[in-house]
Amino acid sequence: MLLNQFLLLSAVLFCIGVYGVLARKNGVLVLMSIELILNAVNINLVAFGALTADVGGEVFALFTIAVAAAEVGIGLAIVLLIYRNRRSIDLSEADLLKG
Amino acid sequence: MPTVFATLAPSSVPTSSTVTQSANWFLENAWLVPLLPALSFVCILFFGKRLRYKGAELGIAAVALSLILAACAGVAWLDHRDNFVLHNTTDAGVEAVAGESYVAVQNSTQWLQSGGIEFSAGILVDGLSVMMLVMVSLVSLLVHVYSTDYVSDDKRYTHFFAFLSLFTAAMLFFVLSDNILQMIVGWELVGVCSFVLIGHWWEQKPNSDAALKAFLTNRVGDVGLLIGVITLFFAAGGGKTFDTIKINEAIVQGGVSHSALVVASLCLMAAVMSKSGQFILHTWLPDAMAGPTPVSALIHAATMVVAGVFMIARLYPVFFEGMQIGGSSINVMATIGAVTLVFGGLLAFVQNDIKKVLAYSTVSQLGYMVMALGVGAWTAAVFHLFTHAFFKANLFLGSGSVAHAVHSFDMKKDMGGLRKFMPKTYVTFIIGSLALAGLFPLAGFWSKDEILAGTGGWGLFGGTGGNGTYTFHLLMGMFGAALTAAYMTRCVYLTFHGTYRGGHGQHHEPHESGPRILVPLYILSGLAIVAGLANLPPGFQLVNNSWTERFGHFIEPVGSSYFPKIAHATPSWSLAVVASVVALFGAVAAFYYYFVKVDRLAKTTQQSLTELPEGLTESNALAGAGHKTLVNKYYLDHIYERGIVAATKGPLARAAYWVNQHMIDNAVNTTGETAVKMGRSMYDLVDQGVIDAFVDGSGRVSDATGEELRQINSGKVQNYAAILFAMAAVLAGAFIIIFAF
Amino acid sequence: MSFLAALSADADIVVAQNVFFAFIAIAMIYAALRVVTTSNVVHAALWLVLVLAGVAAQFILLGSEFVAVTQVLVYIGAVVVLFLFGVMLTRASLGDDESVAKEKRGMAAFVGLLLFAVMATALIDTFEDNRLVVEQPQSVSTVSDAIFSKHIVAFEAVSVLLLAALIGAIVVARKD
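Laid out in structure tokens, this is it:
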């Protein structure tokens, strides 16, 4: 196996995730796309860990999974709050930063 | 407490490290000094409200004990400095190390370990930290006592004392740190305490705004602090160490690349600018006066704001090498300090709030310290830090005493003539003012004179020999001295002289404060008189030579392994006399304006006046414009709030239009007038044809650009994210192109 | 050396691994595309399950069994369920998310492709034919030893982070 096949797979997943973050209007779907990005990163970590025979890659993949779980929890709480305040989770309507 | 001593100075290092682990008990166990207020913070928080004096007694007891321990450590240090002989263990046995005996005491233990890197926690006790310990705990104790009266009927009384304790603990912890990571912890802790105490009366919007402003401005500097610390971590001492001594030693021995030091010193300088209120990041400090006055005295005058100065002094090799202080004639640090001291002094002159006068004065005096460090006058800077703490705390507490009586800080509306009502406060305030103005023989005179001598710019009658010839900085320092004397004269007149202007709707006349306010004032003004004697200049004829330069001898780590070789300027009689005359001139000018002219007019018109009606500002357009600029604090806040924040929104087009109207049109007119002489046809051709087209075109282009840029600011997060990702991709692509192909 | 030529010059066992990899990878990419394009939110969550399972399978191919198991437990077991709860609590229109503006899609696709082009160039240029040799999986005890000795501080930091997230989620989402 080549290292690159994993890295390229991860790059594809990452870019699909970026597309989702940018194009989706539904807040929950944006969060799902972020999960795709995080998983792409994890594949990278584990692949490099296997390349260097270092357990650190796996350890940090585990940390990423833990952090991602926390992120989903907070992210969904924020989406709920947006929904409660605006009766919609359409992110394109949330534009209070408009200059 | 089990202590694992850090391994110090590997044997491969050629010059041995002048650090010891075993010394006098008080020096080895100086960590007790910050521990006591920390414990008192916890205790006050949990039990404070149930105690008889609502927690104040715990705080006072803890800080008093700290002061005793610190004083013992101070006495122990005096003995240690002169008599300690460092021993090195070699194969041949234990032998004494010859040479200078400035030996710091370090006592550290492993804090944590991660990824193969060890993080230690420990104390570094030398003259500098011992001096700070004594100074901080002394001022803190006086402020604690003062506060029991000043905030006696506050609804968050216990909370106030808890945070005073925490602040004291954090500041003591900061000055004792033996590694830069620990310094960051202390740095941020004092920042948090400052934030909480500025916002002590957060119910009023300006107070919570001021607290937020202080917090956010300091975050700007923290970015620099973090980058600087990371740079030092990787660059110094073979890398991967936070230990202050090791970093300093590596730099002194020349083992660190100069470019890394430039980056580190500039980044740390940003941190100093925010914490120590140096020009352009100083704007939070005057606003911080929204906090209670004891807090202003302790945190925003005597201790916390000098944290930046302390950090420069502690990591002096970084700045000395990074800024090339030795042997250059101008550098960033000295110039920032010089600009700050003059601009701060000018701003102090136009404030009506007595605390704001003192706040800008603090900015100005901090400028003196930074400038002194910038020109290589290490001892002068630290000595000024020491004396400034006493007289500025004295002045702040004095202003608090006045405000306690008249329930206002506004000198023009509610003060005046208070000399009759509060004679004791008046005397202490006068002493503090004279010390601040630097008049012989009070504390400020000696420290300020040393700074001026340290610039090495006084080549006229001898007295050079500093690290370079900083003539510009000497002149700025002189000007600042005159300003200081002038604004303090104004402040004293407006507060204590003339007739009383306050008392609107009040039932009683202002009265003198109680003993818990006055006693700290007496002690501080006493120190403001005598503190300068700690470092008499060498060659001072009136006393024996063994009495001169005691402060420098005990504090400055000259000859230790972690301090750069700096040159010492020789003090000069002529400079001292000239500087005093300049300061006196400032005082006399202000005295003449206020005490003579305004006073006389006030007597003839039977009014209470604060300025001459046809004063300088009205009669002279230029002076008026200058005055307006000063009142608006150089418009810096406007620039921050409107300029930087709003410029992204859309007035780019307007700004371009303004440039168009004012500058390019002027150019057009000038060209036109020249062209008239050359001939009408030429005029028509050049002006109407080419330049107008250019002007109109540029106007239209900038207008369109502004309109386009406004579109980007849609407020839609996903658009921002798209730009972010695309720019990251472009940047990464650029790196690939640069490095791979 | 071209990417495909390097790929085909392997021994038999490795060829089998490569076939599995290709199979799973294609399924994952298709599922991921469906996650970001499907109009039904619940369907998107289910497609996400497929991607996550694929990632777990890749972890096994890479010899990281413990991470693979954790991936299944935490992601498929907990995170996806959380998403479904989120869908229900926000009563997001289950039917469609069709109203994605056309120009927005174009912009997002452009940014995605740009990123991919940059990353692919860099990866192929840097790790041209670096080979992975996975002889036997990492044992769980090695992983745990590393977590609780070398990376103990990071571990503690993550546990504090989880606590903060727990409290933060409650504070943000509660009604008051």
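Protein chains in written order, with the numbering used here: chain R, 3 to 101; chain D, 87 to 827; chain W, -9 to 166.
For glycine and all other residues, C-beta sits at the position ideal for the given N, C-alpha and C.
Checklist entry - What first and last residue would you give for the alpha helix (DSSP H) that runs through THR195(D)? => result Position 109 of the second sequence, counted from the first residue, corresponds to residue 195(D). Note, THR195(D): premise wrong, no alpha helix (DSSP H); beta strand (DSSP E) at 190 to 200.
query: Given a threshold of 16 other Cβ atoms within 10 Å of its Cβ, counted over all protein chains shown, does LEU459(D) qualify as buried or as exposed?
result: Numbered from 1 along the second sequence, position 373 holds the residue referred to as residue 459(D). Buried, since its Cβ has 16 or more Cβ neighbours within 10 Å.
| How is the beta strand (DSSP E) around GLY208(D) delimited, first residue to last? | Start at 1 with the first residue of the second sequence, and residue 208(D) comes out as number 122. Counting along the chain, the beta strand (DSSP E) containing GLY208(D) begins and ends at 203 to 211.
Worksheet item: chain R beta carbons: is any one of them nearer than 8 Å to that of GLY67(W)?
Response: Taking the third sequence and counting its residues from 1, one reaches residue 67(W) at position 77. No, no contact with chain R.
Could you tell me whether any Cβ in chain W is nearer than 8 Å to the Cβ of SER206(D)? Your numbering for residue 206(D) matches position 120 in the second sequence. At a cut-off of 8 Å between beta carbons, SER206(D) makes no contact with chain W.
**Message:** Run through chain W and tell me which residues come within less than 7 Å of ILE822(D), C-beta to C-beta.
**Reply:** If you number the second sequence from 1, residue 822(D) lands on position 736. Within chain W, the residues near ILE822(D) are VAL108, THR111 and ALA112.
message: Would VAL70(W) and ALA43(W) qualify as a contact pair, given that the criterion is a beta-carbon distance under 8 Å?
response: Numbered from 1 along the third sequence, position 80 holds the residue referred to as residue 70(W). Numbered from 1 along the third sequence, position 53 holds the residue referred to as residue 43(W). No. Outside cutoff.
* To do: Alpha carbon to alpha carbon, how far is VAL108(W) from LEU819(D)? Give it in angstroms, no decimals.
  => For the purposes of this step, residue 819(D) is taken as residue 733 along the second sequence, with counting starting at 1. For the purposes of this step, residue 108(W) is taken as residue 118 along the third sequence, with counting starting at 1. With the sequence shown as reference, residue 819(D) is identified as Gly, and Leu is not the correct amino acid for it. So the two alpha carbons sit approximately 6 Å from each other.
Problem set entry | Beta-carbon proximity of VAL391(D) to LEU452(D), cut-off 8 Å | On the second sequence, position 305 is the one that residue 391(D) refers to. On the second sequence, position 366 is the one that residue 452(D) refers to. Yes, the Cβ-Cβ distance between VAL391(D) and LEU452(D) is below 8 Å.
Beta carbons nearer than 7 Å to chain D: which residues of the stretch 26 to 52 of chain W have them?
Taking 7 Å as the Cβ-Cβ cut-off against chain D, none of the residues of the stretch 26 to 52 of chain W qualify.
| request: Please report how far the alpha carbon of ALA163(W) lies from the alpha carbon of LEU153(W), in whole angstroms. | output: Position 173 of the third sequence, counting from 1, holds the residue named residue 163(W). Position 163 of the third sequence, counting from 1, holds the residue named residue 153(W). Those two C-alpha atoms are separated by around 16 Å.
Within the stretch 423 to 448 of chain D, note down every full beta strand (DSSP E) run reaching 3 residues or more, in order along the chain.
List check, beta strand (DSSP E) in window: nothing returned.
- Could you give the distance in angstroms between the alpha-carbon of GLY85(W) and the alpha-carbon of HIS33(W)? Counting from one through the third sequence, the residue named residue 85(W) turns up at place 95. Counting from one through the third sequence, the residue named residue 33(W) turns up at place 43. With a pLDDT of 48 at GLY85(W), under the threshold of 50, the modelled position of that residue is not reliable, and the figure given next carries that caveat. Computed Cα separation, rounded: 10 Å.
Does DSSP classify HIS166(D) as helix, strand or coil? Stepping through the second sequence from its first residue, residue 166(D) is reached at position 80. If DSSP states are grouped into helix, strand and coil, HIS166(D) belongs with the helices.
query = Okay, do the stretch 428 to 438 of chain D and the stretch 403 to 410 of chain D touch, 3+ Cβ pairs below 8 Å being the bar?
reply = no
In chain order, what residues of the same chain lie with their CB nearer than 6 Å to the CB of PHE582(D), ignoring the 5 residues before and after it?
-> Here residue 582(D) refers to the residue found at position 496 when the second sequence is read from its first residue. Same-chain partners within the cutoff: LEU504, ARG505 and TYR512.
Checklist entry - Under 7 Å Cβ-Cβ, which residues of chain R neighbour VAL57(W)? => result Here the question's residue 57(W) lines up with position 67 in the third sequence. Those within 7 Å of VAL57(W) in chain R are VAL48, GLU60, ALA63 and LEU64.
For ALA144(W), go through chain B and note every residue whose CB falls closer than 7 Å to its CB, in chain order. Within the model displayed, chain B is absent; protein chains R, D and W are what it includes.
Alpha helix (DSSP H) segment containing ARG602(D), residue limits: Taking the second sequence and counting its residues from 1, the one referred to as residue 602(D) is at position 516. Membership of ARG602(D) in the alpha helix (DSSP H) is indicated by the continuous run 601 to 616.
- Query: Can you name the start and end residues of the alpha helix (DSSP H) that HIS559(D) belongs to?
  - Reply: Taking the second sequence and counting its residues from 1, one reaches residue 559(D) at position 473. Counting along the chain, the alpha helix (DSSP H) containing HIS559(D) begins and ends at 557 to 582.
| request: Give the DSSP-derived three-state secondary structure of VAL237(D) in the structure shown. | output: Taking the second sequence and counting its residues from 1, the one referred to as residue 237(D) is at position 151. Reduced to three states, the DSSP call for VAL237(D) is coil.
Identify each residue in the stretch 121 to 141 of chain W for which the Cβ-Cβ distance to at least one residue of chain R is less than 7 Å, and report them in chain order.
-> ARG121, LEU122, VAL124, GLN128, THR132, VAL133, ALA136, ILE137 and HIS141
_Contact belief for ILE385(D) with SER533(D) at Cβ below 8 Å, rounded distance in angstroms_ = As a working mapping, residue 385(D) is identified with position 299 in the second sequence. As a working mapping, residue 533(D) is identified with position 447 in the second sequence. The C-beta separation of ILE385(D) from SER533(D) comes to about 21 Å, leaving the pair out of contact by the 8 Å criterion.
- Query: Which residues in chain W sit within 8 Å of ILE18(R), going by Cβ to Cβ distance?
  - Reply: Counting from one through the first sequence, the residue named residue 18(R) turns up at place 16. Within chain W, the residues near ILE18(R) are ILE19, ALA22, LEU23, VAL25, VAL26 and GLY102.
So, are the CB atoms of MET562(D) and VAL428(D) less than 8 Å apart?
-> The residue labelled residue 562(D) in the question sits at position 476 within the second sequence. The residue labelled residue 428(D) in the question sits at position 342 within the second sequence. A contact, by the Cβ cut-off of 8 Å.
| Touching or not, the stretch 37 to 47 of chain R and the stretch 100 to 115 of chain W, by the rule of three or more beta carbon pairs under 8 Å? | Contact fails: fewer than three Cβ-Cβ distances are below 8 Å.
Pairwise C-alpha distance: LEU354(D) and TYR680(D) | As a working mapping, residue 680(D) is identified with position 594 in the second sequence. As a working mapping, residue 354(D) is identified with position 268 in the second sequence. Going by the C-alpha atoms only, they are around 42 Å apart.
inquiry  = Can you tell me whether ARG686(D) is helix, strand or coil according to DSSP?
reply    = Position 600 of the second sequence, counting from 1, holds the residue named residue 686(D). Residue state, collapsed to three classes: helix.
- Whose Cβ in chain D lies nearer than 9 Å to the Cβ of LEU24(R)? As a position in the first sequence, residue 24(R) is number 22, starting the count at 1. Here the neighbours are GLN804, ASN805, ALA807, ALA808 and PHE811.
Exercise. So what does DSSP say about ASP329(D), is it helix, strand or coil?
Worked result: Here residue 329(D) corresponds to residue number 243 of the second sequence, with the count starting at 1. In this structure, ASP329(D) counts as strand in the three-state DSSP scheme.
According to DSSP, what are the bridge partners of LEU4(R)? Residue 4(R) sits at position 2 when you count from the first residue of the first sequence. Per DSSP, ARG121(W).
Taking all protein chains shown into account, do 16 or more other C-beta atoms lie within 10 angstroms of the C-beta of ASP500(D), making it buried, or fewer, making it exposed? As a working mapping, residue 500(D) is identified with position 414 in the second sequence. By the 10 Å Cβ count, ASP500(D) comes out buried.
Starting from the beta carbon of ALA98(W), find every residue of chain D whose beta carbon is closer than 7 Å, and list them in chain order. As a position in the third sequence, residue 98(W) is number 108, starting the count at 1. Simply ALA808.
> Ordered along the chain, which non-local residues of its own chain (more than five positions away) have a Cβ less than 6 Å from that of ALA676(D)?
Replying inline: Position 590 of the second sequence, counting from 1, holds the residue named residue 676(D). Closer than 6 Å at the Cβ level, and outside the excluded window around ALA676(D), lie ALA572, THR575 and ARG576.
Relative to chain W, which residues along the stretch 75 to 97 of chain R have a C-beta separation below 7 Å, given in chain order? GLY75, ILE76, LEU78, ALA79, ILE80, VAL81, LEU82, LEU83, TYR85 and ILE91
Which partner residues of SER263(D) appear in the DSSP bridge assignment? Counting from 1 along the second sequence, the entry for residue 263(D) is found at position 177. ILE209(D).
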